[in-house]
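Residue numbers (the working numbering): -5 to 195. Don't be surprised by glycine CBs; every beta carbon is placed ideally from N, CA and C. Shown next, in structure tokens, is the structure this report addresses.
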Amino acid sequence: VFKFTLHGPVDNPWGSPNGLSVQAFDVYIDQDGPASGARLLLPGRNGALAADYGWDWALWVNGWTPTLYRVGADGEPEVVQTDIQVLPDPGQRKVTVKIPWSVLAGAPDDCQNWRYAALLMSHDGYGPHSLREIEAGPSQWQAGGRPEATNYPRIFDLAWPVAGTPTQEEMLSTYPLSQQPVEELEADDFAQLEMLAATVP
């Protein structure tokens, strides 16, 4: 179970089947550090995990096609067919996401040793990889703040402690600006994201 609490409204202006229209989330799970997995995030995010991590599972949460991925033998994301429940609570500004524990191929206690990264983006069915585009200046359908580069992240927020080092802002804004097509870039050419350990009561 993954729970997201947002500062803004959780509305459904475009009538998605599960009640989530505006926001989109990614959750990345690293089960064994850099020994296996991928550093590049899912396509369109324009980000990567820091060198100490490699995601084994990635959960994409949106209003129409929530999907679970694992890293295939070729290092590319591979769709895993499973039940994903997306449960928005507009009154509480929360979104709860449930997937079967068994699909992650680990014992329940294992999750205490895994690492996690949770991202907030904006859904746009007409945007790149169904993500809202970011331009130099904001407009009706695009966000603003994009630098003159191809490898800017389309990530609006990252779950991270307020006093964390580096800061969330530093992670999302520190990367070598590039004009090359993103398909030609490597993980180190993108913003480098750290991961969090699970908090055990």
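Check                                                                                                                                                                          : Outcome
Run the CB neighbour count on Leu34, radius 10 Å, all protein chains shown included, and call it buried at 16 or more, exposed below.                                          : buried
How should Ala157 be labelled, buried or exposed, when 16 other C-beta atoms within 10 angstroms of its C-beta is the threshold for buried?                                    : exposed
Can you tell me where the alpha helix (DSSP H) with Leu166 in it begins and where it stops?                                                                                    : 162 to 167
Report yes or no: do three or more beta-carbon pairs, one from the region 143 to 162 and one from the region 103 to 123, lie closer than 8 Å?                                  : yes
Go through its chain and collect everything with a Cβ distance to Lys(-3)'s Cβ below 7 Å, but skip five positions before and after it.                                         : Lys88, Thr90
Would you tell me roughly how many angstroms separate the C-alpha atoms of Ile78 and Pro160, rounded to the nearest one?                                                       : 32 Å
Count the other C-beta atoms from every protein chain shown that fall within 10 angstroms of the C-beta of His117, then say buried if there are 16 or more, exposed otherwise. : buried
Since I believe Val55 is in contact with Val80 (beta carbons under 8 Å), could you give me their beta-carbon distance rounded to a whole number of angstroms?                  : 6 Å
Please classify Gln106 as buried or exposed, where buried requires at least 16 neighbouring CB atoms within 10 angstroms.                                                      : exposed
In this structure, how does DSSP classify Pro175 when only helix, strand and coil are distinguished?                                                                           : coil
Quick check on Pro7: buried or exposed, where buried means 16 or more other Cβ atoms within 10 Å of its Cβ?                                                                    : exposed
Do you know offhand how far Pro141's Cα is from Asp103's?                                                                                                                      : 43 Å
DSSP beta-bridge partners for Ala207?                                                                                                                                          : Outside the modelled stretch of the chain, which goes from -5 to 195, sits residue 207, for which no answer is possible.
How many Å lie between Glu127 and Ile149 at the Cα?                                                                                                                            : 10 Å
Got a sec? Which residues, its chain only, sit under 7 Å from Gly31 by beta carbon, not counting five neighbours each side?                                                    : Asp24, Gly48, Trp49, Asp50, Val65
State the Cα-Cα distance for the pair Leu62 and Gly69, rounded to the nearest angstrom.                                                                                        : 15 Å
What does the Cβ neighbour count give for Ser15, buried or exposed, with the cut at 16 atoms within 10 Å?                                                                      : buried
So what's Ser15 in DSSP terms, helix, strand or just coil?                                                                                                                     : coil
What is the DSSP secondary structure of Ser116, reduced to helix, strand or coil?                                                                                              : strand
Quick one: measure Cβ to Cβ for Ala18 and Leu166, integer angstroms, because I've assumed they're closer than 8 Å.                                                             : Not really, about 16 Å apart at Cβ, beyond 8 Å.
Please classify Ala185 as buried or exposed, where buried requires at least 16 other C-beta atoms within 10 Å of its C-beta.                                                   : buried
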